[in-house]
Amino acid sequence: MTWTTLSNASRALKLPRRLASFLLASILAVPALAQPATGVYAIQGAKIYTLAGPSIDGGTVIIRDGKISAVGAHIEIPADAQMIDAKGLEVYPGLFDPVTQLGLTEVGQVIATVDVNELGEFNPELVAATAVNPASAHIPVTRASGITHVVAAPGAPGFELSGGGVISGQASAFNLSGWTMEEMQIQRSVAMVINWPSIQTRSFDFASFGFKEKPYADAKKEYDKFVNDLSDLLDRARHYAQAKEKGSPALYERDLRLEALIPVVEGKLPAMVVAGKARDIRNAVDFCAKQNLKMILADGSEAWKVKDLLKEKKIPVILGPTEQLPEEEDDPYDKPMSQPAELNAAGIPIAFSSFGTAFSRRLSQYAGTAVAYGLPHDEALKAVTLNAARMLGLGDRLGTLEPGKIANLIVTTGDPLEIRTQVRYIFINGQLTSTANRHRDLYEQYRKRPESAH
Amino acid sequence: MRRLLTVAISAITLLAQPPAQAQTSNVILIQNATILTVTHGTIEHGSILIRDGKIAAVGMDVKAPDGATVIDAAGQFVIPGIIDCHSHIAVDGSVNEGGPAVSSMVNIADVLNPADINIYRDLAGGVTTANILHGSANPIGGQTVVIKLRWGKQANQLPFEGALPGIKFALGENPKHSNFGPPAGTPARYPATRLGVEEVIRQAFTEAREYKKLWDDYNQRKAAGEQNLLPPRRDLKLEPLVEVLEGKRYVHAHCYRADEILMLARVAKEFGFKVRTFQHVLEGYKVADEIAASGAGGSTFSDWWAYKIEAYDAIPYNAALMQERGVLVSINSDSAEEARHLNQEAAKSMKYGDLSANDALKLITLNPAIQLGIDNRAGSIDVGKDADLVIYNHDPLSVYAVVQKTLIDGQVYFDREHDLAARPALEKEKQALLEKEKKAAEEEKKHEEKSNKSPEKKQDQKKKPLKPGDSSEGVSGGGR
């Protein structure tokens, strides 16, 4: 892997990603997908963690037509309900990974299968949902780990990629089940992704296969240009919004980029600002405050260094993997694992995310590790369910087991943050959904291989 | 910038003091612990007696001799030190000598960096031993070394005494440069296909065989008393390959696809050497019978997949399925970060493939010890073995387990309590150094302004080229 690891730096380069791939779609197995949101289910006898109140022993959840219709200890079972016997099992809201490239990336290093980083620095009109491949093998693999819905974000950095410009597009929330995006979609646009430009004095250089230093003044000049361009674009979006409101369409020229930014400058669509280093976070917070943007901090590797500021400005944080190395050599060795506890104690809303595709299924491991380093368990559960839903304006539809919410839930053998726990049943959009996936299929296939003759 | 660097380095230097409270005694007793021995079950409320760096006794009734240092581990769990069979920590600079297709002449042991902070970080994750490998840029890569994570010691004190050295092989996409091509400005390098990868290995061993014969003949004739013999010319590229042929050096082969695994097994059989471990071996589950029959071990990831096309059939059941078919399996990190939670990664084989807790634990202890030929000294909690131990606050196969102490040779190299306690002082020192730096910068600026005070002088300076010493600007310009 080392060659690969070294080459991760190559992702900093913006490579053309215009080739569409039809190849993978044709070789992927078609997963067992949800039917339209009808049907009645009664999950009976489980310990239910609603995350909206105390847990319920031996309780019942009723699902009707895609929604949770009742939760409690003494619930009447509808005559038309399909029964799920869940004695000895536990029920939780489905897990939510709020920054991924699911459906946009199939195989990280096969560029033809990656639709994440568009060319150009400002692409607010792009929407992730446009290119999510519902037949991606990652979708059933991920949901088998109890993740029922995700957000795909264009251009967001992570293990698998980075780049995509300063504004890389709109992030989309969708269920991990459905034949088409129309069936899967929860909300087409939940946030505008802004990759906060960093003042970078160090960059990877392929000619020498090493790092190249740049004078601070030059790096600062580049940074200032990005920020000025961004301010300018937002100003133009405001003027455009005024023109649009006051004039008839004949009086202004339509501009799809500016139009896409209107909900952002009006504070209706959150700006998901990706920043890791403390300086970048400070700059981003300052900028968003001046611009009146509704900011969500994404990544936040050094959020602990600026937690007072985040608290003061009430900025929620979607954290990247807790299992990463500290940013600085002299940072405490366990900071990425212990900072969730620290941020939570400071009253900053946090959510966990994989920022990836293949590693999305590690979401609960990331949360569990934060518990090991001091985050209260119930807060960790919320940080993989409710919190991100709230940040992205989906809190009234997802994140807890309450009547009226979308019936995305999991039935497990125990604590969903514990590695050994198995997910027995998955409900997505009120439908009992298969846990079969490419990995289990290959396992079962090769387990049956007759003993080799050689 | 240089000063900032100094700040960082000072802080690290402080960290670099071995956290062990100077052990006054070479006799230590860890008591009241749940001991997961790996070889003979779990001992509740047990004790481990350590003498001169070795495990002297293990059991329920072991008592502390007079003068022994006692570590009370009530409610805690002890496992053998974690062994990471695929690591690149503690390497100074790049791990790839990717120029030639065969770089067997280079040795990772020559570039060990004992001050790499990742040694400490991995130690804090319970790793005591790591197989430090060359990268995967070429079909036959550089020589490799097994080290103990003796943080604070010199480079020459890191290697695991007596462990057989190794050599890295690599098959598939990386050696054929599928994903990145050669570094910019350098020509394309053979091979570019899996066919070429096989040919490079076959060619190298064909040469090595002939080279070995030259030396064998020479040594034979010399032993027979022949006079005036000229020894063959030494070949540093072929020498390590001869050691492979003689079974004195282990082959650790990076691979993904089933076909390439079988390819190397065939070549090895033809030339009469053994592959010690197939590394990554993500499709190992497809040809587990063949791997088992070849006598090679498999060292794999827990659940990495789809980062490249040769990893698209990778499944998290790989470890369990290979083991079920008789392959000796370990789980490795290939990453300074992943190494920090190999206990969690091992636990995944219980979820994916139903391994028992003890078999899961073996994946990161006894099995890699056997793969590296060091199981006489590491890999389990048995009398006579090195006292390389990890103390956790919970069941180590739980996501909630946090390493409290890591011991190597009976010495505490990581102590969480000590680490936490040292932080305020470190932070204070760092802040003081930063303040000093800021002040110095301000002084410098003041001095600069002073010497540039007169506008005429400034204009003069613009006209005339600066000579060193003309102004502070000219002298210090490059420094920040």
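Those sequence lines, one after another, are chains V and B. Per my numbering, the very first residue in the first sequence carries number 13; after that it's consecutive. Per my numbering, the very first residue in the second sequence carries number 72; after that it's consecutive. Backbone N, C-alpha and C define an ideal beta-carbon position, used for all residues, glycine too.
For I68 (chain V), the enclosing beta strand (DSSP E) covers residues I68 to R76. Among the residues facing chain V, V352 (chain B) is not included, as its CB has no counterpart in that chain under 8 angstroms away. Going by DSSP, G84 (chain V) is part of the beta strand (DSSP E) stretching over K79 to G84.
Excluding sequence positions up to five before and after R409 (chain V), its CB lies within less than 8 angstroms of the CB of I198, A401, K417 and I418, all in the same chain and listed in chain order. A residue is called buried once 16 or more other Cβ atoms fall within 10 Å of its Cβ, and F485 (chain B) is buried on that count. Using a CB distance below 9 angstroms, the part of the stretch 393 to 413 of chain B facing chain V consists of E395, R396, D405, S406, A407, E408, E409, R411 and H412, ordered along the chain.
Along the length of the stretch 396 to 443 of chain V, whole alpha helix (DSSP H) runs at least 4 residues long occupy 398 to 403, reported in chain order. Straight-line spacing of the CA atoms in N202 (chain B) and I402 (chain B) works out to 12 angstroms. For K226 (chain V), there is no enclosing alpha helix (DSSP H), since its DSSP letter is neither H nor E. Not one beta carbon of chain B lies nearer than 8 angstroms to the beta carbon of E314 (chain V).
Inter-residue distance for V177 (chain B) and A472 (chain B) is about 39 angstroms (C-alpha atoms, whole angstroms). Residue contact with chain B for D342 (chain V): present (Cβ-Cβ distance below 8 angstroms to some residue of chain B). A distance below 6 angstroms between beta-carbons, with the five flanking residues on each side excluded, links Y388 (chain B) to the following residues of its chain, in chain order: Y423 and G424. Close to chain V, meaning a Cβ-Cβ distance shorter than 9 angstroms, are the following residues of the stretch 369 to 382 of chain B: F372, D374, W375, W376, A377, Y378, K379, I380 and A382. For S401 (chain B), the three-state secondary structure derived from DSSP is strand.
A418 (chain B) reaches chain V at I431 and R432, counting residues in chain order whose Cβ is nearer than 7 angstroms. When only Cα atoms are considered, H325 (chain B) and E354 (chain B) end up about 12 angstroms apart.
Nearest CB-CB separation between R260 (chain B) and chain V: not below the 8 angstroms threshold. Distance from the Cα of P105 (chain V) is smallest, within the candidate group V:H451, V:S180, V:K79 and V:A357, for V:K79. Contact note: D384 (chain B) reaches chain V through L454, using a C-beta cutoff of 7 angstroms and chain order. Taken in chain order, the members of the stretch 467 to 488 of chain B whose beta-carbon sits within less than 8 angstroms of a beta-carbon on chain V are L468, S469, V470, Y471, A472 and V473. Rounded to the nearest angstrom, the Cβ distance from V346 (chain B) to L333 (chain B) is 11 angstroms, too far for a contact under 8 angstroms. Of all residues in the stretch 382 to 394 of chain V, only V383, A384 and Y385 come within less than 7 angstroms of chain B when Cβ atoms are compared, listed by chain position. Comparing alpha-carbon positions, the option among V:E102, V:L337, V:I96 and V:A91 lying closest to S67 (chain V) turns out to be V:E102. Residue environment analysis places L131 (chain V) among the exposed positions, since fewer than 16 neighbouring C-beta atoms fall within 10 angstroms of its C-beta.
E361 (chain B) has a beta carbon lying within less than 8 angstroms of a beta carbon in chain V.
Neighbours of M421 (chain B) in chain V, taken as residues whose beta carbon is under 8 angstroms from its own, are I431 and R432 in chain order.
Ranking V:K325, V:V162, V:G279 and V:T117 by CA distance to the CA of R294 (chain V) puts V:K325 first.
Nearest CB-CB separation between E234 (chain V) and chain B: not below the 8 angstroms threshold. Around the beta carbon of A496 (chain B), fewer than 16 other beta carbons lie within 10 angstroms, which makes this residue exposed. A382 (chain V) is positioned such that its CB atom lies no closer than 8 angstroms to that of K319 (chain V). Inter-segment contact for the stretch 105 to 121 of chain B and the stretch 370 to 385 of chain B is absent: fewer than three beta-carbon pairs are separated by less than 8 angstroms.
Residues of the stretch 359 to 375 of chain V whose Cβ lies closer than 9 angstroms to any Cβ of chain B, in chain order: T369, A370, F371, R373 and R374. In the structure shown, the three-state DSSP call for P210 (chain B) is coil. For L321 (chain V), no beta strand (DSSP E) segment is defined; the enclosing uninterrupted segment is the alpha helix (DSSP H) at K319 to E324. Contact annotation: R494 (chain B) and Y345 (chain V) have beta-carbon atoms that are not nearer than 8 angstroms.
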